Each structure stands twice: as structure tokens, then as C-alpha cells.
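**Q** Per this note's numbering, the sequence shown starts with residue 781, numbered consecutively. Mind having a look at this structure? Questions to follow.
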Amino acid sequence: MKKGEGFFDPRVWSKILDFNVNIDTQLTTKANFIFAASTIILMYIINRVYSMEFSTLLFREQMPWILLIVGAFISSLLALMVVLPKLRIFSKKERLKTDIFYYKNIKKHYNRKQYARYLDNLSSDPKKISAAYSNQIYSLATNIIPYKFRMLKISGWVLIISLFASILFFAIF
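Rendered as C-alpha cells:
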């Protein structure tokens, strides 16, 4: 090997993929927590609104409850969009057609025997292995993780802001 020429160990691909999958899992876990917290708050507030004579309250007394209901609802909806892929209506996620691990590409381009044959051939071709891993990593790093992080961040901030705003309104009025 000449000086300056590097060697790439192909075992690194699985580590990089595992790292990104771990981040994805962490974001989903945090979204589950925010979803549960905001849904509990939402159910509590709905119960409070129905149990007291909400319509007899002045608007300024209703405002904190309305803020909490709206904030908790929006927060739980955004957190749910992180957890359930079918609800990713704001996602611009596009999968690469050559991503052989993505289930839609498997169903679209292969039958069971063809796919098994392709995977057998894949194990003997380092370039194909690199392409397969890089497609997965690229999809996670550019489409899935940023989307989940953005929705999670917005969801958390909506919940926090609605909680503090309603507490502020309770204190003022």
C-alpha cells in the first residue's frame, strides 16, 4: 500500500448503520413519551371541562383551559406523526430505487427466490454491500432522522409553551 492510500474496513458500515438506527429509536421513544404526556394532559383537561360548568365561565377564565387543550392536542398529533410512518404527511422522504433493504423495493423488484439469490450474490461483492449500506444510512440520515427530530422538537415546544401560557393566564386572571 502506498503512503496516503487508505484502507476502508467494510465492517464499519454496520456500525454506522447501527448508530443511525439507534438515533432513530431514541427519537421514537422520546416521541412516545411526549405523546403519552400530552394525551394524559388532554384527557385530564377534557374531563375538567366537562365536569365543571365551562360554558358559565368568563372567556378569560376559559382561555387557560383552551390553550391547554389546543397545545396538548397539537403536541400529541405531532408526536404521533413521529411514531406512525403513515402519518408523515409533511415528510418529503423519498427512498432510493436501488435500496434493496427497503420493503417496497423488495416487493416491487423481486420475488422470494430472486431476492435470496441477490442477497447471496451481495455477500461476495463488496461494492454492492457498500451501496446497500450507504443507501440505508443515507435514507436515515437525510430523510427519516431529520424529519423525526423536527416533529419531536416542535411537539415538545408546543406542549411546553401551552403549559406555561396557561399557567400564566391562570396567574393573571
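Glycine included, each C-beta is placed from N, C-alpha and C at the ideal position. As the structure is a computational prediction, the values presented were derived from the model and not from experiment.
#1: Return the residue from the list Val850, Phe839, Leu837 that minimises the CA-CA distance to Met823.
#2: List the endpoints of the continuous alpha helix (DSSP H) containing Met861.
#3: Once you ignore the five residues that flank Ser871 on each side, which residues in its own chain have a CB closer than 8 Å to its CB?
#4: Does DSSP put Asn891 in a helix, a strand or coil?
#5: Phe944: which of Trp845, Arg828, Val801 sits nearest, CA to CA?
#6: With contact counted as at least three CB pairs below 8 Å, one residue from each stretch, are the stretch 800 to 808 and the stretch 831 to 848 in contact?
#7: Tell me whether the beta-carbon of Phe815 lies closer than 7 Å to the beta-carbon of Leu860.
#8: Kindly indicate the opening and closing residues of the alpha helix (DSSP H) around Met931.
#9: Quick check on the burial criterion: 16 or more other C-beta atoms within 10 angstroms. Buried or exposed for Asn901?
#10: Using the three-state DSSP reduction, which class does Met832 fall into: helix, strand or coil?
#11: Taking the alpha helix (DSSP H) that Ser904 belongs to, which residues open and close that run?
#12: Taking DSSP as the reference, what is the three-state secondary structure of Arg897?
#13: What does the alpha-carbon distance come out to for the pair Met931 and Ala921?
**A** Answer, in terms of the structure:
#1: Val850
#2: 839 to 863
#3: Its pLDDT being 49, under 50, Ser871 is placed unreliably in this model, and the value from its coordinates should be taken loosely. Once the five neighbours on either side are set aside, the close Cβ partners of Ser871 are Asn923, Tyr927.
#4: coil
#5: Looking at the Cα atoms, Trp845 is the closest of the given residues.
#6: no
#7: yes
#8: From DSSP, the alpha helix (DSSP H) with Met931 extends over 925 to 952.
#9: Under this definition Asn901 is an exposed residue.
#10: coil
#11: Ser904 -> no alpha helix (DSSP H), and no H or E assigned at all.
#12: helix
#13: 15 Å
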